[in-house]
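Chains as they are written, first to last, in my numbering: chain A, 1 to 446; chain B, 1001 to 1482.
Glycine included, C-beta positions come from ideal geometry on N, C-alpha and C.
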Amino acid sequence: MEEIVDQSLREMRETFASGRTRSVKWRKTQLEAIIEMVKDNEDKMCDVLFQDLGKHSTEAFRDELGFVMRSATTALNCLDKWVVPKKSDLPLLFYPSTGKVISEPYGTVLVLSSWNFPISLSLDPMIGAISAGNTVLLKASELSPNASAFLAKTIPSYLDNKAIKVIEGGPDVATILLKHQWDKIFFTGSPKIGKIIMAAAAEHLTPVTLELGGKCPTIVDHHSVSKDMKIEMLKPMIRSFFGENPKESGCLSRIVTKKHFQRLARLLNDPGVQASIVYGGSMDEEKLYIEPTILLDPPLDSEIMNEEIFGPILPIITLRDIQESIGFIKSKPKPLAIYAFTKDENLKTRILSETSSGSVTFNDVMIQYMCDALPFGGVGESGIGRYHGKYSFECFSHEKAIMEGSLAMDLEARYPPWNSFKLTFLRLAFREAYFKLVLFMLGLKK
Amino acid sequence: MAKVFEAADASNLMTELRMSFDAGVTRGYEWRVSQLKKLLVICDNHEPEIVSALHDDLGKPELESSVYEVALLRNSIKLALKQLKNWMAPDKAKTSLTTFPASAEIVSEPLGVVLVISAWNYPFLLSIDPVIGAISAGNAVVLKPSELAPASSSLLAKLLEQYLDPSAVRVIEGAVTETTLLLEQKWDKIFYTGSSKIGRIIMMAAAKHLIPVVLELGGKSPVVIDSDTNLKITVKRIIAGKWGCNNGQACISPDYILTTKEYAPKVIDAMKQELEAFYGKNPMESKDMSRIVNSNHFDRLSKILEEKEVSDKIVYGGQKNRDNLKIAPTILLDVPLDSLIMSEEIFGPLLPILTLNNLEECFDVIRSRPKPLAAYLFTQNQKLKERFAMTVSAGGIVVNDIAVHLSLPTLPFGGVGESGMGSYHGKFSFDAFSHKKAVLYKSFIGDAAIRYPPYSRGKLRLLKALVNSNLVEVFKVLLGLS
């Protein structure tokens, strides 16, 4: 494995040095190939997602295939605009110098993706890396082995395999990869592993984007949303989505592995938590199935209220006054998203200005993920950096400042030996006190 | 007698500042403006003391202190005051058919309680400029100035304590012990200026708490000189940018020159001429250059100058005086590529010139080394300028000048690879200390049944059409025509 990694890195670096990945044409060809790959393999992809996660093909399309195609299409449509250098205005003092900022690829980047959306969390960052002109190595999660194998097998036949590579494996492979120097690392996963990634990156001063997680709260202000809202209303809604027997509905993904199942079972089996179940609660270890479960006011010091659940259990915490939700959220680490269903403008303002999270969505959930005009990323424990849309392009680019001076004009005051004339001149020049400067030069001002 | 800073002090400091931040002290426009205005008062009323401290610490000439530290800071504060309202305003973001009906914006919010660790070479500029960013963005901030510039450190502590709001802005003086204690706290951002070696330590400490960092580091900034340039102006700018900026002890100081074998003698002659015009026949006596900061650095520079195969390459200068920590402007020609002087950032008044058979070779030389903070090119050749700008990777590129990009608030200033991560200056400082929070406002009307299970073929088709923003297809499905 060490040799494979060494060789892959060597090849990717050579490819980058050759300049091939910098051409917009190359980048567009790769993006088109990604779209083609998804279109050609729709059924296969839905299949591996079903095998790894029990994911229904509609979800697979909405959250993975369709999402990736849209992301690649956006990049294709916008790339010409994104690569244009941005001109900077310079103060008059610097005339006729010019300044601009060029987006330059970092070089050879590493993408480590997660098992829950194994296709989109692999391909979407890769789309960013490629549009920015980098060579990229992907390691998908071993907890979604079919998706990982699919990507490892299929990507080389669609994309430039001297520039874009896939390696399979678990933590041992990740450890080998992290020993090497990368020009950027993009990681999606848990805060615990995020810390390990960042520490490894620190050895090489590698910049990182960490898309982590957290406990995303959903504030439901029943005063403004629905005066009659009751928990009772959730039950028929769940039944209408998933039928009388959700296990057989085919619309619910299963729990990914036995280990995660046992983790969730442990959270649920806490006596205080068990006592708070108002809906669901049944589990089937063999089928890795846990029923959509609602809890009402579980103990606040229970494990389930202190770590990211990442499963089909939804605790509801009731408060005397919805305003208390602000303090409640602030007492916990900053989450990736805050959702709030409310029409109360005052509450909206308070949520925005008094809480901190990657993002805030009013009156919906999850949808901010789809809006590629918005940056997607965390803050604090929920992550560092952001992507989606043009933010993906920026995520994998070094914004390089370029300044050009003129050899035709020169200011004597710039050069030693220093004297009080030069000092006054420069002081006035820096203040952009041009009129005073002219007076000074004419001897009309001291 | 200064009180010893201990672990409990670090944690109490954090608690206090966090309480101030949580209470909302730093978030309002008025507070930020009031602090920025106080910083301006410091620049306006205390310049002589600042100049004096810089002279004590570095032997820095008055002009450099006044112009490259105080004047730059003054401009930075004035720009922040002028633009703050703009910077603080949310940015509207476009939404698409997929999320219709919705509106979206990006709100800048302070990160919280931040740590600024600055360096000894421009102790005022590199301390206060990041602090300006932190304050404009609404954070509480702790500044730890470098102990290697003690007069500046103590003046900074005194002035900031005197003028700024102590519930939210603090200075902690000290060295490794104090820095280590500070690094154990859970900051919301760490901004560090200094060496790559310490940069790694900072990032490693930050990783423990997932703290985002800006690292302004250094490197060996190359200067490529083409034979078609205006040599006199080129050489004057190099000299002013190197020896005229803290005597080569600056992160974007020209570190080494690359030029052709043919042109090198002309470059050396021109440099000798201008060096004499600037610093006289006896540069060791000139008051227009900073001294070497301390005996450690003096010894370091002596060592790299005295290395075998290097000491015999001196073509100008080479004089040293350990008593007054002075080394004369020194030019060397064609030192070995694996010598110490070519392996680490020089950060001093030594300037090696490496000759090439062909100027084209400069690209390979630069690319074979870690990415520097700046790369310079002097030429009139448009094609060469473009190739250099596009293919040389550095924090920033300057053509036909040296170091000036540092004073431009409209260009991001920062490194890449070994020279750092993140950037600042102007609005980039505000952004460096902000979290850009995405906000999506969705309406309750227009709820689409297709979003919800049970999933069906019809829903899938509609979803596909929506995801592809294919309006025609959407209508077809809705009307049952697809």
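Taking only beta-carbon atoms, is residue i less than 8 Å away from chain A?
i: histidine 1405 of chain B; result: yes
i: methionine 1001 of chain B; result: In this prediction, methionine 1001 of chain B has a pLDDT of 46, which is less than 50 and means its spatial position is unreliable; nothing more can be read from the coordinates.
i: tyrosine 1376 of chain B; result: no
i: histidine 1055 of chain B; result: no
i: glutamate 1418 of chain B; result: yes
i: valine 1399 of chain B; result: yes
Residue i versus chain A: which residues are under 8 Å apart at the beta carbon?
i: glutamate 1062 of chain B; result: Trp418, Leu423
i: threonine 1179 of chain B; result: What threonine 1179 of chain B touches in chain A: nothing, since even the nearest Cβ is about 16 Å away.
i: asparagine 1086 of chain B; result: Per Cβ cutoff of 8 Å: no residues; asparagine 1086 of chain B is ~14 Å from chain A at best.
If we cut at 8 Å on Cβ distances, does residue i have a partner in chain B?
i: proline 125 of chain A; result: no
i: glutamate 399 of chain A; result: yes
i: lysine 179 of chain A; result: no
i: leucine 295 of chain A; result: no
i: glutamate 307 of chain A; result: no
i: glutamine 323 of chain A; result: no
i: serine 406 of chain A; result: yes
i: isoleucine 329 of chain A; result: no
i: histidine 222 of chain A; result: no
i: methionine 12 of chain A; result: no
i: methionine 441 of chain A; result: no
i: arginine 427 of chain A; result: yes
Which residue wins for smallest C-alpha separation from residue i, given the options the options?
i: leucine 458 of chain A; options: A:Val101, A:Met366, A:Gln323; result: Nothing in the structure corresponds to residue 458 of chain A, since chain A is present only between 1 and 446.
i: isoleucine 1106 of chain B; options: A:Phe376, A:Leu426, A:Asp301, A:Thr424; result: A:Phe376
i: asparagine 1358 of chain B; options: B:Leu1258, B:Ala1157, B:Lys1094; result: B:Leu1258
i: phenylalanine 1191 of chain B; options: B:Ile1128, B:Leu1156, B:Val1398, B:Glu1178; result: B:Ile1128
i: proline 1329 of chain B; options: B:Asp1323, B:Ser1339, B:Ile1346; result: B:Ile1346
i: lysine 1060 of chain B; options: B:Tyr1256, B:Ser1152, B:Ile1225; result: B:Ser1152
i: isoleucine 309 of chain A; options: A:Asp410, A:Asp372, A:Cys216; result: A:Cys216
i: proline 271 of chain A; options: A:Lys343, A:Asp297, A:Glu291; result: A:Asp297
i: asparagine 346 of chain A; options: A:Asp301, A:Lys287, A:Ser224; result: A:Ser224
Could you pull out every residue in the same chain whose Cβ sits closer than 6 Å to the Cβ of residue i, ignoring the five residues on either side in sequence?
i: leucine 1325 of chain B; result: Arg1291, Ile1292, Phe1298
i: tyrosine 1263 of chain B; result: Ser1227
i: alanine 60 of chain A; result: Cys46, Leu49
i: leucine 1333 of chain B; result: Lys1313, Val1315, Ile1353
i: arginine 427 of chain A; result: none
i: serine 1253 of chain B; result: Lys1242
i: lysine 954 of chain B; result: With chain B covering 1001 to 1482 only, the question about residue 954 of chain B has no answer from this structure.
i: alanine 1149 of chain B; result: Asp1057, Trp1120, Pro1123
For a contact meaning CB atoms closer than 9 Å, what does residue i contact in chain B?
i: tyrosine 415 of chain A; result: Lys1236, Arg1237, Ile1239, Ala1240, Gly1244, Glu1274, Ala1277, Phe1278
i: glycine 213 of chain A; result: Within chain B, no residue comes near glycine 213 of chain A; the closest Cβ sits about 12 Å away, beyond 9 Å.
Tell me which residues share the same chain as residue i and place their Cβ nearer than 8 Å to its Cβ, disregarding the 5 neighbours each side in the sequence.
i: leucine 1040 of chain B; result: Arg1074, Ile1077, Lys1078, Leu1081
i: aspartate 124 of chain A; result: Phe67, Val68, Ser71, Tyr387, His388, Ser392
i: serine 253 of chain A; result: Leu53, Gly54, Lys55, His56, Glu59
Note down, in chain order, each residue of its chain lying with its Cβ closer than 7 Å to the Cβ of residue i, except the 5 sequence neighbours on either side.
i: asparagine 1400 of chain B; result: Phe1378
i: asparagine 1012 of chain B; result: none
i: lysine 100 of chain A; result: Pro85, Lys86, Lys87, Ser88, Ile402
i: glutamine 51 of chain A; result: Asn146
i: serine 1482 of chain B; result: Unreliable placement is indicated for serine 1482 of chain B, whose pLDDT of 49 sits below 50; the coordinate value is still reported in the next sentence. So the list reads Arg1461, Glu1473, Lys1476, once near-sequence residues are dropped.
i: alanine 1205 of chain B; result: Leu1183
Can you name the residues of chain A whose CB is closer than 7 Å to the CB of residue i?
i: arginine 1200 of chain B; result: Ala202, Glu203, Leu205
i: phenylalanine 1191 of chain B; result: Within chain A, no residue comes near phenylalanine 1191 of chain B; the closest Cβ sits about 14 Å away, beyond 7 Å.
i: phenylalanine 1347 of chain B; result: Result: empty, since nearest Cβ-Cβ is about 18 Å, beyond 7 Å.
i: alanine 1080 of chain B; result: Per Cβ cutoff of 7 Å: no residues; alanine 1080 of chain B is ~15 Å from chain A at best.
Since residue i meets chain A, which of its residues come closer than 9 Å, beta carbon to beta carbon?
i: threonine 1095 of chain B; result: Cys371, Ala373, Leu374
Output, in chain order, the set of chain B residues within a Cβ distance shorter than 7 Å of residue i.
i: valine 360 of chain A; result: Lys1437, Val1439
i: isoleucine 104 of chain A; result: Looking at the sequence provided, one finds glutamate at residue 104 of chain A rather than isoleucine. In chain order: Ser1393.
i: phenylalanine 435 of chain A; result: Residues of chain B passing the Cβ test: none, with the nearest at roughly 17 Å.
i: glycine 133 of chain A; result: The contacting residues do not exist; glycine 133 of chain A stays about 11 Å from chain B at best.
i: alanine 199 of chain A; result: Met1204, Ala1207
List the residues of chain B whose Cβ lies closer than 8 Å to the Cβ of residue i, in chain order.
i: serine 88 of chain A; result: Leu1408, Thr1410, Leu1411
### Message
Using a Cβ distance threshold of 8 Å, determine whether the stretch 1211-1222 of chain B contacts the stretch 1158-1168 of chain B, with at least three qualifying pairs required.
### Response
Three or more beta-carbon pairs separated by less than 8 Å are not found between the stretch 1211-1222 of chain B and the stretch 1158-1168 of chain B, which leaves the two stretches without contact.
### Query
Would you say the stretch 231-244 of chain A touches the stretch 326-337 of chain A, given that touching needs at least three Cβ pairs under 8 Å?
Fewer than three Cβ pairs drawn from the stretch 231-244 of chain A and the stretch 326-337 of chain A lie within less than 8 Å of each other, which leaves the two stretches out of contact.
### Message
Under 8 Å: do the stretch 1197-1215 of chain B and the stretch 179-189 of chain A share three or more Cβ pairs, one atom per stretch?
### Response
With a cut-off of 8 Å, the stretch 179-189 of chain A and the stretch 1197-1215 of chain B do not count as touching, because too few Cβ pairs lie within range.
### Query
Within the chosen definition, does the stretch 71-81 of chain A reach the stretch 1390-1406 of chain B through at least 3 CB pairs nearer than 8 Å?
Taking one beta carbon from each stretch, the stretch 71-81 of chain A and the stretch 1390-1406 of chain B have fewer than 3 pairs nearer than 8 Å; the two do not touch.
### Task
Decide yes or no for the touch test of the stretch 1051-1058 of chain B against the stretch 1114-1130 of chain B: beta carbon pairs closer than 8 Å, at least 3 of them.
Per the Cβ contact rule, the stretch 1051-1058 of chain B is in contact with the stretch 1114-1130 of chain B (3 or more Cβ pairs under 8 Å).
### Segment contact, 8 Å Cβ cut-off, at least three pairs: the stretch 154-161 of chain A with the stretch 412-423 of chain A
Remark: fewer than three beta-carbon pairs, one from each stretch, lie closer than 8 Å, so the stretch 154-161 of chain A and the stretch 412-423 of chain A are not flagged as touching.
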